[in-house]
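Participant: Residue 43 in my numbering sits at position 32 of the sequence shown, with consecutive numbering throughout. Think of the CB as a built atom: it goes at the ideal place given N, C-alpha and C, for glycine as much as any other residue. Quick one: this structure, given as structure tokens, is what I'll be asking you about.
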Amino acid sequence: MAARTVRKAIFPAAGLGTRFLPVTKAQPKEMLPLVDKPTIQYGVEEAIASGIEQVIMVTGGGKRAIVDHFDRSLELEHYLRKRGKDDLLRILAEVDRLSDLVDITYIQQKEPLGLGHAVWTARRLVEGEACAVLLADDVILGGSDPCLKQLIDAHHKTGATILAVRRFPRSQVARYGVVVTDGGAGPLHKVTDMVEKPKPGTEPSDLAILGRYVLTPAVMAELDRSEPGAGSEIQLTDAIKGTLGNHPVVAIEFDGDYYDTGTVPGYLRANLTLAMRREGLREELGPLLRDLLQEWLAAEAARESSNTGL
Ligand code: UTP
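As structure tokens, then:
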């Protein structure tokens with residue numbers, strides 16, 4: 012039976028963002044800027060470019076800024092119009108256009124009980140349909156097709172739950188969900204087992220799950236029965252694993268550049284990389300980065316010579 016198209020995308024955005032404290036004390040980490048746009052906007056743009064019709068934001072306490080970001084700000088528009096700031100009005104209109112292209116619905120996760128629980132919170136809005144899940148932390152740009160579209164196409168082809176995966180050195184996969192596959196050639200692999208955040212030294216493969224999924228209704232049914240797993244949270248990985256055997260799960264090695272904005276070093280790296288790829292910023296930043304690099308190299312050389320006693 013041909014899989015039906017995927018119309019809805021869940022954005023779990025109710026986590027506490029503790030790795031970014033104190034900046035996330037009073038604002039959601041999904042609103043932290045990647046150059047000049049909040050990370051969640053990149054995800055919404057990707058969902059729209061992938062044919063999604065409804066975005067379901069799962070939010071928690073203190074997430075008002077996300078709602079406001081995708082809403083019109085009449086006061087700001089009025090202020091800019093009065094001052095003839097047409098270029099800035101155009102930027103606002105671009106954000107405003109997103110909520111014309113897709114319906115944005117908000118649902119509250121009352122307690123941050125984990126990613127699986129956040130997805131389950133949206134169950135009644137996706138009943139009986141395959142749905143997409145995007146984690147705003149994982150920004151994916153520049154593939155042959157938008158990353159989510161690659162997953163949706165794979166779902167149409169296989170009817171399976173689809174996971175976006177990327178290969179990393181084994182020493183680096185411990186903070187991700189990791190999949191074991193049948194090792195087939197090409198970008199699609201049949202998943203045979205999954206482990207959430209494996210202990211260092213026990214990683215079953217080098218294929219880490221990143222924040223893009225297409226879930227079949229079987230996963231929602233499994234979440235209905237879920238108990239807390241690693242870190243006392245309801246893990247999405249455990250629920251997907253629970254469907255293995257009865258329902259196919261496929262991993263796709265997607266095409267595109269992955270920016271991990273969920274940790275402070277990753278976030279800074281993503282900002283620098285994207286800024287250096289943007290005309291108008293690169294000219295300003297290039298000389299600064301060159302000077303900083305020279306400073307760092309000189310400090311490293313001094314440290315090395317003091318260590319070797321030269
Ligand atoms: P993370 O673990 O990366 O986010 O969850 P976090 O919990 O906010 O961050 P730290 O670990 O404290 O720094 C992945 C995604 O799942 C959402 C988060 O908002 C993030 O987008 N999430 C997580 C929820 O919506 N609810 C939860 O209970 C947990």
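Taking 8 Å as the cut-off, decide whether the C-beta atoms of L126 and A20 are in contact.
Facilitator: In the sequence shown, counting from the first residue as 1, residue 126 sits at position 115. In the sequence shown, counting from the first residue as 1, residue 20 sits at position 9. For L126 and A20, no; Cβs fall outside 8 Å.
Participant: Please state whether the Cβ-Cβ distance between L221 and V176 is less than 8 Å.
Facilitator: Counting from 1 along the sequence shown, the entry for residue 221 is found at position 210. Counting from 1 along the sequence shown, the entry for residue 176 is found at position 165. Going by C-beta atoms, L221 is nearer than 8 Å to V176.
Participant: Closest by CA to L285, which one among K36, P123, L32, L45?
Facilitator: Here the question's residue 285 lines up with position 274 in the sequence shown. That would be L45, whose Cα lies nearest to the Cα of L285.
Participant: Could you pull out every residue in the same chain whose Cβ sits closer than 6 Å to the Cβ of V137, ignoring the five residues on either side in sequence?
Facilitator: Here residue 137 refers to the residue found at position 126 when the sequence shown is read from its first residue. K19, listed in sequence order.
Participant: Does at least one heavy atom of ligand 1 sit under 7 Å from the Cβ of V69?
Facilitator: If you number the sequence shown from 1, residue 69 lands on position 58. Indeed, a heavy atom of ligand 1 lies less than 7 Å from the Cβ.
Participant: From K210 to L255, what does the alpha carbon distance come to, in whole angstroms?
Facilitator: Taking the first residue of the sequence shown as position 1, residue 210 is located at position 199. Taking the first residue of the sequence shown as position 1, residue 255 is located at position 244. When rounded, the distance between both Cα atoms is 22 Å.
Participant: Tell me, please, which residues DSSP counts as bridged to I245.
Facilitator: Taking the first residue of the sequence shown as position 1, residue 245 is located at position 234. Looking at the DSSP assignment, I245 forms no beta bridge with any residue, so it has no partner.
Participant: Which partner residues does G188 have in the DSSP bridge list?
Facilitator: Residue numbering aside, residue 188 sits at position 177 when the sequence shown is read from its first letter. DSSP output for G188 lists E207, I220 as bridge partner(s).
Participant: Taking the straight line between their C-alpha atoms, what separation do you get for E64 and M205?
Facilitator: Translated into positions along the sequence shown, residue 64 becomes position 53. Translated into positions along the sequence shown, residue 205 becomes position 194. Cα to Cα, E64 sits roughly 30 Å from M205.
Participant: Cβ of P259 within 8 Å of Cβ of G139?
Facilitator: Counting from 1 along the sequence shown, the entry for residue 259 is found at position 248. Counting from 1 along the sequence shown, the entry for residue 139 is found at position 128. The answer is no: Cβ separation not under 8 Å.
Participant: To which residues does DSSP link E264 through a beta bridge?
Facilitator: Here residue 264 corresponds to residue number 253 of the sequence shown, with the count starting at 1. DSSP, once it has assigned bridges, lists V176 as partnering E264.
Participant: In terms of alpha-carbon separation, which member of F179, A141, D149, G154 lies closest to T169?
Facilitator: By 1-based counting over the sequence shown, the position of residue 169 is 158. Considering only alpha carbons, the answer is A141.
Participant: Between the Cα of A133 and the Cα atoms of S155, L159, V66, which residue gives the shortest distance?
Facilitator: Here residue 133 corresponds to residue number 122 of the sequence shown, with the count starting at 1. Ranking S155, L159, V66 by Cα distance to A133 puts V66 first.
Participant: Can you tell me where the beta strand (DSSP E) holding M68 begins and where it ends?
Facilitator: Along the sequence shown, one-based indexing puts residue 68 at 57. Taken as a continuous stretch (DSSP letters only), the beta strand (DSSP E) holding M68 covers 65 to 70.
Participant: Do D149 and D249 have their C-beta atoms within less than 8 Å of each other?
Facilitator: Counting from one through the sequence shown, the residue named residue 149 turns up at place 138. Counting from one through the sequence shown, the residue named residue 249 turns up at place 238. Going by C-beta atoms, D149 is not nearer than 8 Å to D249.
Participant: Check whether the Cβ of T213 lies closer than 7 Å to any heavy atom of ligand 1, and answer yes or no.
Facilitator: For the purposes of this step, residue 213 is taken as residue 202 along the sequence shown, with counting starting at 1. No, since every heavy atom of ligand 1 falls outside the 7 Å radius drawn around the Cβ of T213.
Participant: By how many angstroms is the C-alpha of G253 removed from the C-alpha of M68?
Facilitator: As a working mapping, residue 68 is identified with position 57 in the sequence shown. As a working mapping, residue 253 is identified with position 242 in the sequence shown. So the two alpha carbons sit approximately 25 Å from each other.
Participant: Which of the three DSSP states is assigned to H200 in this structure?
Facilitator: Position 189 of the sequence shown, counted from the first residue, corresponds to residue 200. In the structure shown, H200 sits in a strand (DSSP, three-state: E or B).
Participant: Could you round the C-beta distance between G153 and G267 to whole angstroms and report it? I think they count as a contact, below 8 Å.
Facilitator: Position 142 of the sequence shown, counted from the start, is the residue given in the question as residue 153. Position 256 of the sequence shown, counted from the start, is the residue given in the question as residue 267. With a Cβ gap of about 6 Å, G153 and G267 count as contacting.
Participant: Excluding the five sequence neighbours on either side, which residues of its own chain have a C-beta within less than 6 Å of the C-beta of Q38, listed in chain order?
Facilitator: Taking the first residue of the sequence shown as position 1, residue 38 is located at position 27. Excluding residues within five positions, the ones whose Cβ falls inside 6 Å are A76.
Participant: Assign T213 to buried or exposed, taking buried as 16 or more other Cβ atoms, counted over all protein chains shown, within 10 Å of its Cβ.
Facilitator: Position 202 of the sequence shown, counted from the start, is the residue given in the question as residue 213. Exposed is the call here.
Participant: Could you check how far apart the C-beta atoms of P33 and E41 are, in whole angstroms? I think they sit under 8 Å.
Facilitator: Here the question's residue 33 lines up with position 22 in the sequence shown. Here the question's residue 41 lines up with position 30 in the sequence shown. No, P33 and E41 are not in contact; Cβ-Cβ is about 17 Å, not under 8 Å.
Participant: Could you tell me how far apart the beta carbons of P157 and E290 are, in whole angstroms, since I believe they sit closer than 8 Å?
Facilitator: Along the sequence shown, read from residue 1 onward, the residue named residue 157 stands at position 146. Along the sequence shown, read from residue 1 onward, the residue named residue 290 stands at position 279. With a Cβ gap of about 23 Å, P157 and E290 do not count as contacting.
Participant: Helix, strand or coil for L100 per DSSP?
Facilitator: Here residue 100 is taken as the residue at index 89 of the sequence shown, counted from 1. If DSSP states are grouped into helix, strand and coil, L100 belongs with the helices.
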